[in-house]
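Accompanying notes for the structure given below.
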Amino acid sequence: MTKIFIAGSSNMDLVFTYNVFPQPGETIFGKEFLINEGGKGLNQAVACARQDVSVSMVSSVGNDGYGEKLISVLKENHIDTSHVIIREQAHSGIALILVNASDNRIIVNSGANSLTTYDQVVKALDEASPGDVFLTQFEIPFEVVESSLSYAKTKKMITIVNPAPGRKIDSKTLKNIDILIPNETEAESITGIKYSDDNSSKKMIQYLINNGVKEVIITLGDKGSIYGNSESITRIPSFCVNVVDTTAAGDTFVATIAANIVKGHSTSDSLLKATAASALAVSKLGAMVSIPTNGEIEAFLTNHKIIGLR
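For the sequence shown, my numbering puts the final residue at 310, and the numbers step up evenly by one.
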């Protein structure tokens with residue numbers, strides 16, 4: 001059975017909602033508070049697992065109560081945790097997330113995530129078969145990501161990268177990426193091309209394809225996304241939903257693409273489902289708790305086939 005291997009972060013999210021962001025020296029009262037399991041790696045692993053595919057997680061957590069909880073949540077979602085290591089001298093990754101109606105602001109302390117190693121990833125990928133998916137992000141050491149992508153290609157795996165937080169990527173690494181899924185800010189960091197409209201997005205995609213990436217999806221929040229390969233570029237609109245919290249929407253989108261690739265679908269055929277999944281994710285407060293199941297996504301698509309698209 002085809003499997004997804006995810007190398008990424010596992011964090012505990014401390015989420016505050018508020019009306020107005022405090023000014024320097026100002027104290028304000030928040031509205032709601034939530035402690036929630038998160039981190040881009042964990043979010044994407046859970047989102048894949050909830051779409052009924054086999055997932056193995058490569059991550060590091062601290063020797064603390066948060067680390068125990070993070071591993072427990074992965075297991076509850078039927079994710080293989082044999083390559084999740086408890087780092088005895090480190091605390092688990094922590095993210096402070098401030099959410100209001102218009103945006104979110106996130107401060108991350110990587111903790112044990114910064115101790116994830118290339119050897120740790122290799123041990124996991126040695127269990128992989130050709131055609132399996134390797135999915136990663138940039139919340140673990142970047143040199144580990146670069147080396148792991150190269151190793152995954154020697155295993156004839158399909159590589160998917162969500163380049164967050166955004167940074168420059170050299171052409172040698174870009175050539176090891178089959179599917180790159182940045183948002184507009186991350187795409188700007190990689191390409192050096194400033195985002196302004198669809199035309200600039202197309203220039204970004206062309207730059208990435210010319211530098212070795214096979215397929216690119218630039219996510220644009222409530223404006224949808226733009227998909228491109230060596231043959232064409234396509235615009236995908238978003239669904240109209242009530243936005244509560246956008247924190248895990250990108251992770252849900254990325255994971256849905258990966259899960260559908262494992263199920264044998266093409267990237268282009270997976271875009272509508274990924275858009276629906278992220279629409280469901282923004283409709284709830286919190287990261288992991290907002291991630292929908294495969295059944296919820298299918299039901300949403302049944303009720304929103306045409307109406308609601310913009």
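Each residue gets a CB set at the ideal place from its N, CA and C atoms; glycine is no exception.
Alpha carbon to alpha carbon, what distance is there between residue j and residue i?
i	j	result
Lys168	Leu208	12 angstroms
Gly111	Ile79	22 angstroms
Ser54	Ala47	11 angstroms
Ser114	Pro141	6 angstroms
Val244	Lys284	6 angstroms
Gly131	Leu149	14 angstroms
Met288	Pro165	19 angstroms
Gly295	Asp52	10 angstroms
Tyr151	Lys31	46 angstroms
Glu215	Glu231	10 angstroms
Asn77	Thr252	15 angstroms
Gly228	Gly25	46 angstroms
Which residue from the options puts its Cα closest to that of residue i?
i	options	result
Val241	Val254, Asp222, Asp251 and Tyr227	Asp222
Thr219	Ser56, Thr27 and Ala187	Ala187
Ala281	Asn303, Ala255, Ala259 and Val262	Ala255
Ile107	Asn113, Thr116 and Ile94	Ile94
Ser201	Lys214, Asp170, Ile233 and Lys175	Ile233
Ser129	Arg105, Val262 and Asn63	Val262
Tyr18	Phe29, Pro24, Gly8 and Gly25	Phe29
Ala49	Asn176, His265 and Ile257	Ile257
Glu143	Asp269, Asn260 and Asp119	Asp119
Ala279	Asn260, Met57, Tyr227 and Ala299	Ala299
Tyr66	Asn77, Val58, Ser56 and Ile86	Ile86
Leu74	Glu127, Thr27, Ile6 and Ile217	Ile6
Leu321	Ser268, Ser238 and Ser56	Since the first residue of the chain shown is 1 and the last is 310, residue 321 is not available in this structure.
Ser276	Ser268, Thr185, Asn260 and Ile297	Checking the displayed sequence, the identity of residue 276 turns out to be Ala instead of Ser. Here the closest residue by C-alpha is Ile297.
DSSP beta-bridge partners for residue i?
i	result
Thr234	Tyr227
Asp197	Answer is none; Asp197 lacks a bridge partner.
Asp80	Ser56
Val133	Ile4 and Ile158
Met12	Glu37 and Ile94
Asn104	Val99
Thr335	What the structure shows of the chain is the stretch from 1 to 310, and residue 335 is not part of that stretch, so it cannot be assessed.
Thr17	Val99
Val61	Ile86
What is the residue span of the alpha helix (DSSP H) that residue i lies within?
i	result
Ile71	Gly65 to Glu76
Asn303	Asn294 to Asn303
Gln51	Where Gln51 is concerned, there is no enclosing alpha helix (DSSP H), given that its DSSP letter is neither H nor E.
Asn260	Ala249 to Val262
Phe142	Phe142 to Thr154
Ile190	Glu184 to Thr191
Val122	Tyr118 to Leu125
Ser330	Any question about residue 330 goes unanswered here, given that the chain covers just 1 to 310.
Lys172	Ser171 to Leu174
Can you give me the start and stop residues for the beta strand (DSSP E) that residue i sits inside?
i	result
Glu37	Phe33 to Gly38
Thr219	Glu215 to Thr219
Val244	First-last for Val244: undefined, no H or E at that position.
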